[in-house]
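Per UniProt numbering, the very first residue in the sequence shown carries number 1; after that it's consecutive.
Below: the structure, in C-alpha cells.
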Amino acid sequence: MQVGLMNECLFSKSQIREFEEYLFEHEIISNDKLKEKAAKSCEKFILKHFSSKKNVIIFVGKGINGEDGVLLSRLLLNSQNNYKITLFFIDKLSEKSYKNNHADLEVFDTCGQLDLSVFDIIIDCIFGIGLNRCIDKKLTELIIQINQSSLPIISIDMPSGLNADNGCVMGSAVKATHTLTFLGLKFGQFTFQGLEFSGKVSLFDFGLGHLLHKFCKSPSARLLLPKIINELIPYRQQHMYKNMNGHTLVIGGDTGMFGALILAARSALMIGSGLVTVLTRKKHASLVSLHQPELISYTFTKKDFLY
C-alpha cells in the first residue's frame with residue numbers, strides 16, 4: 001500500500017458513511033458511479049497481480065458489498081483474460097441485480113456443492129464495513145472452509161466478519177491475504193485483530209481523498225509510519241558535540257527486567273539523543289557498559305524513592 005501525507009489517516013465506518021451521503025447529496029458522484037469505480041479498481045488490481053489465477057470464486061452477500069462482487073464478476077468475464085467465474089450467494093441479492101448480472105456465471109448457494117480446491121483465488125464480498133452482529137453458525141462453517149483453503153483471498157473493503165471500527169472478529173472472520181478498501185483506510189483494519197485478518201491493505205480513494213479529509217477534519221486515528229517518525233526527529237548536524245543533542249534519562253531494570261532497560265536506552269541513542277543515562281539497580285549497573293558502552297549508568301535503591 002502506498003501511504004501518503006493524507007492517507008495515513010484512519011476513519012470510522014460512520015465517518016465513511018456520512019462522507020458517502022455528502023458525496024451523493026452534493027452530486028459529486030452518484031451511488032452507482034461509486035460502485036462502478038470500486039468494481040473497476042478491484043478488476044485492475046486482480047488483472048495486475050493475479051492474471052494467472054483464472055478460476056475465480058466470488059462469495060456474495062446481500063448488501064452493497066455483494067453488489068460490488070456481482071459487478072466485479074461481470075468486469076472479469078468481459079476482461080478477455082479467460083476467467084472462469086463462480087458466484088456463491090450467501091443470500092439472494094435483489095431480483096434486479098441478480099437477473100441483470102448472473103447470466104453466464106456458475107452460481108451456488110449451498111456449501112454442499114462447493115469444492116474450493118478446484119479454484120485459484122477467492123474473492124470475499126460477503127460483508128463490508130456495515131457488519132454489526134456476530135456471524136451465525138452456518139456462515140462460520142463457510143468462513144472456516146475459506147480460511148483453510150490456502151488460496152489467495154481478496155476481501156473487498158473489509159474482511160467479512162471483521163468489525164470496521166475496532167478490529168474485533170465478530171464470531172468468525174475471513175482471513176484475507178489482500179484487502180481492497182475504498183475512500184479511506186478503516187480503523188479496524190489496523191487495530192487489534194485487524195492487522196492479522198486484513199493482510200496487505202490497498203486503498204482506492206477515486207481522487208476523493210482530499211474531500212474526505214476536509215469533510216471529516218478529525219480522523220479516528222493516524223498510522224504511525226516511518227516517514228512520520230523521521231519527520232519528527234530533528235536533523236543532527238555532523239559537527240555538533242553530543243552534549244548539544246539532548247540528554248535522555250531511562251529509569252528501570254527491576255529484577256528480571258534488565259533487557260527492557262537496555263532496549264529503551266539503545267532506542268534513545270538510535271533516534272539521536274546525544275547522551276543517555278540509565279538509572280538502575282546496583283546489580284545491573286556493572287552490566288550496562290558491557291551491553292552498550294556509550295551509556296552512562298547510576299544506581300538506586302528503594303531508599304532513594306522513599307520520602
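For glycine and all other residues, C-beta sits at the position ideal for the given N, C-alpha and C.
Asked: Unbroken stretches of the alpha helix (DSSP H), 4 residues or longer, contained in the region 252 to 297; Found: 258 to 270, 282 to 291
Asked: Buried versus exposed call for Thr301 [16 or more other C-beta atoms within 10 Å across all chains shown]; Found: exposed
Asked: Limits of the alpha helix (DSSP H) - the one that Ser155 falls within; Found: Note, Ser155: premise wrong, no alpha helix (DSSP H); beta strand (DSSP E) at 153 to 156.
Asked: Helix, strand or coil at Ile129 according to DSSP, with G and I counted as helix; Found: coil
Asked: Anticipated Cβ contact below 8 Å, Leu185 with Leu203, distance rounded; Found: 6 Å
Asked: 7 Å CB neighbourhood of Arg266 in its chain, flanking five on each side removed; Found: Gln292
Asked: C-alpha gap between Gly61 and Met158, whole angstroms; Found: 13 Å
Asked: Ala164 beta carbon less than 8 Å from that of residue 313; Found: Any property of residue 313 remains undetermined from this structure, which presents the chain solely from 1 to 307.
Asked: Among Lys138, Ser172, Ile57, Ile154, the one whose alpha carbon lies nearest that of Leu116; Found: Ile57
Asked: Reduced DSSP secondary structure (H/G/I, E/B, other) of Val174; Found: coil
Asked: Secondary structure, alpha helix (DSSP H): runs of 4+ residues fully inside the region 37 to 97; Found: 64 to 77
Asked: Nearest residue (CA-CA) to Phe258, options Gly272, Leu290, Leu212, Gln237; Found: Leu290
Asked: Contact set for Ile129: own chain, Cβ-Cβ below 7 Å, skip 5 residues either direction; Found: Lys13, Ile16, Asp157, Met158, Ala164, Lys186
Asked: Backbone CA spacing between Ile154 and Asp124 [nearest angstrom]; Found: 6 Å
Asked: Neighbourhood of Cys168 by C-beta distance below 8 Å, restricted to the same chain and skipping five residues each side; Found: Leu162, Gly188, Phe192, Gln193
Asked: Leu131 to Gly63 span [Cα, whole Å]; Found: 10 Å
Asked: Euclidean distance between Cα positions of Phe127 and Asp68; Found: 11 Å
Asked: The beta strand (DSSP E) enclosing Lys200, as first and last residue numbers; Found: 200 to 204
Asked: DSSP beta-bridge partners of Thr179; Found: Ser155, Val201
Asked: Leu223, enclosing beta strand (DSSP E) - first and last residue; Found: Note, Leu223: premise wrong, no beta strand (DSSP E); not H, not E.
Asked: Distance, Gly256 Cα to Glu294 Cα; Found: 22 Å
Asked: Lys33 - partner residues in DSSP beta bridges; Found: DSSP lists no partner for Lys33.
Asked: Element boundaries [alpha helix (DSSP H), containing Leu10]; Found: Careful: Leu10 lies outside any alpha helix (DSSP H), inside the beta strand (DSSP E) at 9 to 11.
Asked: Through-space distance from Lys282 to Cys9, alpha-carbon basis; Found: 45 Å
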